[in-house]
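Chains as they are written, first to last, in the working numbering: chain A, 144 to 377; chain B, 144 to 377.
Positions of the beta carbon are idealized from the N, C-alpha and C atoms, including for glycine.
In this text, all values refer to a predicted model and were calculated from it rather than measured experimentally.
Number of protein chains: 2
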Amino acid sequence: MSKQERATRTRCALIRSAAAVFERHGYVQARLALISSGAGVSTGALHFHFENKAAVAAAVAAEASRSLRAVSCRIRRRKSTALQALTDTSHALADLLRRDAVTRAGFRLSCDGDRIAEPDLRAEWQSFVRELLDEAADEGALVDGVSRKDMAAAIVAATTGFEVLGRRDPEWLSPYSLTGFWQLMLPRLAVPEALALLNPAGADAAGAGPGMGLLAESVCGASQYSEPEPTARF
Amino acid sequence: MSKQERATRTRCALIRSAAAVFERHGYVQARLALISSGAGVSTGALHFHFENKAAVAAAVAAEASRSLRAVSCRIRRRKSTALQALTDTSHALADLLRRDAVTRAGFRLSCDGDRIAEPDLRAEWQSFVRELLDEAADEGALVDGVSRKDMAAAIVAATTGFEVLGRRDPEWLSPYSLTGFWQLMLPRLAVPEALALLNPAGADAAGAGPGMGLLAESVCGASQYSEPEPTARF
Numbered sequence: 144m145s146k147q148e149r150a151t152r153t154r155c156a157l158i159r160s161a162a163a164v165f166e167r168h169g170y171v172q173a174r175l176a177l178i179s180s181g182a183g184v185s186t187g188a189l190h191f192h193f194e195n196k197a198a199v200a201a202a203v204a205a206e207a208s209r210s211l212r213a214v215s216c217r218i219r220r221r222k223s224t225a226l227q228a229l230t231d232t233s234h235a236l237a238d239l240l241r242r243d244a245v246t247r248a249g250f251r252l253s254c255d256g257d258r259i260a261e262p263d264l265r266a267e268w269q270s271f272v273r274e275l276l277d278e279a280a281d282e283g284a285l286v287d288g289v290s291r292k293d294m295a296a297a298i299v300a301a302t303t304g305f306e307v308l309g310r311r312d313p314e315w316l317s318p319y320s321l322t323g324f325w326q327l328m329l330p331r332l333a334v335p336e337a338l339a340l341l342n343p344a345g346a347d348a349a350g351a352g353p354g355m356g357l358l359a360e361s362v363c364g365a366s367q368y369s370e371p372e373p374t375a376r377f
Numbered sequence: 144m145s146k147q148e149r150a151t152r153t154r155c156a157l158i159r160s161a162a163a164v165f166e167r168h169g170y171v172q173a174r175l176a177l178i179s180s181g182a183g184v185s186t187g188a189l190h191f192h193f194e195n196k197a198a199v200a201a202a203v204a205a206e207a208s209r210s211l212r213a214v215s216c217r218i219r220r221r222k223s224t225a226l227q228a229l230t231d232t233s234h235a236l237a238d239l240l241r242r243d244a245v246t247r248a249g250f251r252l253s254c255d256g257d258r259i260a261e262p263d264l265r266a267e268w269q270s271f272v273r274e275l276l277d278e279a280a281d282e283g284a285l286v287d288g289v290s291r292k293d294m295a296a297a298i299v300a301a302t303t304g305f306e307v308l309g310r311r312d313p314e315w316l317s318p319y320s321l322t323g324f325w326q327l328m329l330p331r332l333a334v335p336e337a338l339a340l341l342n343p344a345g346a347d348a349a350g351a352g353p354g355m356g357l358l359a360e361s362v363c364g365a366s367q368y369s370e371p372e373p374t375a376r377f
């Protein structure tokens with residue numbers, strides 16, 4: 144293994160360890176010694192990669208953002224409708240939040256408390272929802288008489304709620320919960336012809352379960368989504 | 144002023160000061176000295192009322208719960224339909240979250256992080272939403288073909304999202320945001336005859352603004368909702 148590969152592995156191990164420590168103790172009480180020992184390295188090795196705790200937190204948020212962008216790009220490549228892509232991505236986000244501590248910690252770090260890590264995952268998710276609704280409007284898929292702003296707000300608020308409530312009870316992030324939400328919501332968004340083509344359980348539901356078709360090794364080696372495309376919006 | 148009245152005033156001042164300190168610094172970093180000085184009393188006076196920081200946090204959550212139960216009882220006394228009462232109470236909750244630091248801190252304390260203050264406000268709100276939907280079903284107001292569990296989950300998730308997102312941007316808690324949400328949601332919940340009678344802006348909207356008709360002095364003297372009824376579910 145080259146020196147470069149070893150450094151990348153250590154950095155990823157530190158990010159994964161930091162996510163677990165942030166999730167368990169919160170940002171304020173997270174100790175760098177605990178993060179480095181969780182990654183099996185010295186605090187000196189941690190400081191080689193990160194200047195301070197804020198830099199570690201930013202790296203966790205960046206890795207979570209990258210995972211989300213990657214899965215979103217993969218879904219967009221299917222060339223499905225915008226509303227199906229929105230539904231599928233929300234399922235994939237819930238799946239990430241259920242299974243990946245880096246995504247969970249990234250959302251908490253970038254959203255809670257006074258300290259906000261960059262990138263702000265919740266702001267990115269809001270932009271993504273708005274963009275897909277704009278696309279759905281261009282496709283002629285949205286009903287008349289309902290404000291697009293209200294649609295976006297309801298979807299962003301509900302998915303934020305699923306994320307927050309799922310911290311204590313993962314059932315909120317189950318495919319059933321998300322499917323139930325879209326079964327309720329899609330008839331208020333889509334015209335009948337578009338609605339008939341939509342699957343509230345996500346386009347992956349008939350296969351190996353939501354998001355499973357998207358699984359691959361990520362940069363940080365966790366069982367995560369693949370294909371980083373750092374230039375794309377997630 | 145009697146000794147008893149002075150003690151009640153001090154306790155309330157401590158609760159209001161604690162809410163402000165918890166909101167600003169978070170529970171972990173909140174210092175008791177800051178809470179007592181904010182209330183204009185010594186730390187000794189604080190310890191006369193509260194054993195430790197956890198007891199202060201529990202008192203903040205209890206006061207927030209009491210405000211919510213009070214406003215809910217007041218709304219229920221109007222004998223409107225269950226769906227209108229649910230809509231009105233969500234507007235009143237948003238109004239409390241916008242204007243009252245004790246309610247905001249109570250929700251954060253009872254919901255975030257590892258430490259959960261009792262009462263758990265979010266669990267209370269979930270029970271309340273489920274109960275009103277059950278009542279709406281008894282009234283024959285709910286549409287067929289949509290699961291009541293999915294309705295409750297969508298409402299709880301979205302209102303949780305409004306609360307969390309409103310911490311950074313109060314616009315999420317504005318009457319417009321809540322009204323937009325109910326305009327989108329109610330047609331998926333209510334049969335046409337029930338829908339025709341519902342006001343998504345809340346029954347107070349035509350008057351002095353959402354919730355204004357409910358305002359009065361609270362036990363803790365803030366500009367809050369009145370009529371404590373500790374035995375009722377909020």
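8 Å is my cut-off, CB to CB: does residue i come that close to chain A?
i               : result
P353 of chain B : Residue confidence is low: P353 of chain B scores 42 on pLDDT, short of 50, so the model does not pin down where it sits. Its coordinate-derived value is still stated next. It does not: the Cβ of P353 of chain B has no partner Cβ on chain A nearer than 8 Å.
T246 of chain B : no
G356 of chain B : Confidence in G356 of chain B is poor, its pLDDT being 42 and thus under 50, which makes the residue's placement too unreliable to answer from.
F191 of chain B : no
A182 of chain B : no
F250 of chain B : no
G350 of chain B : Residue confidence for G350 of chain B is low, a pLDDT of 45 falling below 50, so the modelled location carries little weight and cannot support an answer.
L327 of chain B : yes
A235 of chain B : no
S320 of chain B : yes
Identify, in the order they occur along the chain, each residue of the same chain with its Cβ nearer than 7 Å to the Cβ of residue i, setting aside the five sequence neighbours on each side.
i               : result
T322 of chain B : P343, A344
R219 of chain A : A228
Q147 of chain B : none
Looking only at its chain, what residues have a beta carbon closer than 8 Å to the beta carbon of residue i, apart from the 5 residues adjacent to it on each side?
i               : result
S223 of chain A : D231, A346
P313 of chain B : R241
V164 of chain B : A173, R174, L177, I178, G181
V334 of chain A : G283, A284, L285, V286
How long is the line joining the alpha carbons of residue i and residue j, rounded to whole angstroms?
i               : j               : result
D263 of chain B : K292 of chain B : 20 Å
A150 of chain A : M144 of chain A : 10 Å
V203 of chain B : G187 of chain B : 19 Å
W268 of chain B : S179 of chain A : 40 Å
A213 of chain A : H234 of chain A : 14 Å
L358 of chain A : R152 of chain A : Residue placement at L358 of chain A is flagged as unreliable, the pLDDT there being 44, under the threshold of 50; a coordinate-derived value is accordingly withheld.
N195 of chain A : Y170 of chain B : 23 Å
A300 of chain A : L252 of chain A : 18 Å
G309 of chain A : S290 of chain B : 20 Å
T303 of chain A : P330 of chain B : 22 Å
L276 of chain B : L327 of chain A : 15 Å
A266 of chain B : E166 of chain B : 20 Å
Assign residue i to one of three DSSP states: helix, strand, or coil.
i               : result
L285 of chain B : strand
A173 of chain A : coil
A204 of chain A : helix
A182 of chain A : coil
A300 of chain B : helix
A344 of chain A : coil
S366 of chain A : Only weak support exists for where S366 of chain A lies, its pLDDT of 45 falling under 50; the coordinates are left without a value.
S160 of chain A : helix
If I measure Cβ to Cβ from residue i and keep anything under 6 Å in the same chain, skipping five residues before and after, which residues do I get?
i               : result
A182 of chain A : A156, L157, S160
F193 of chain A : V199
G249 of chain A : V203, A204, A207, L264
A279 of chain B : A225, L226, L285
A162 of chain A : V203, A244, V245, A248
V272 of chain B : A295, I298, V299
Kindly say whether residue i, judged by its beta-carbon, lies nearer than 8 Å to any beta-carbon of chain B.
i               : result
S145 of chain A : no
Q227 of chain A : no
L308 of chain A : yes
S433 of chain A : Chain A is shown only over 144 to 377; residue 433 of chain A falls outside these bounds and no answer can be derived.
T303 of chain A : yes
V164 of chain A : no
V286 of chain A : no
D231 of chain A : no
R174 of chain A : no
Thinking C-alpha only, which one of the options is nearest residue i?
i               : options                        : result
L338 of chain A : A:S185, A:T302, A:C363, A:V286 : A:V286
S208 of chain A : A:S320, A:V164, A:D243, A:A348 : A:D243
C363 of chain A : A:E206, A:Y319, A:T303, A:A284 : A:E206
A295 of chain A : B:A225, B:W315, B:L239, B:A162 : B:W315
L325 of chain B : B:E306, B:A297, B:E278, B:E336 : Just to set this straight, residue 325 of chain B is Trp in the shown sequence, not Leu. W325 of chain B has its Cα closest to that of B:A297, out of B:E306, B:A297, B:E278, B:E336.
L189 of chain A : A:R154, A:A173, A:L275         : A:R154
L239 of chain B : B:R167, B:S210, B:L226, B:S185 : B:S210
Y396 of chain B : B:R273, B:A348, B:A201         : No information on residue 396 of chain B is available, as it lies outside the stretch 144 to 377 that chain B covers here.
V307 of chain A : A:A237, A:M328, A:L276, A:R217 : A:A237
S270 of chain B : B:L341, B:S215, B:F305, B:A197 : B:S215
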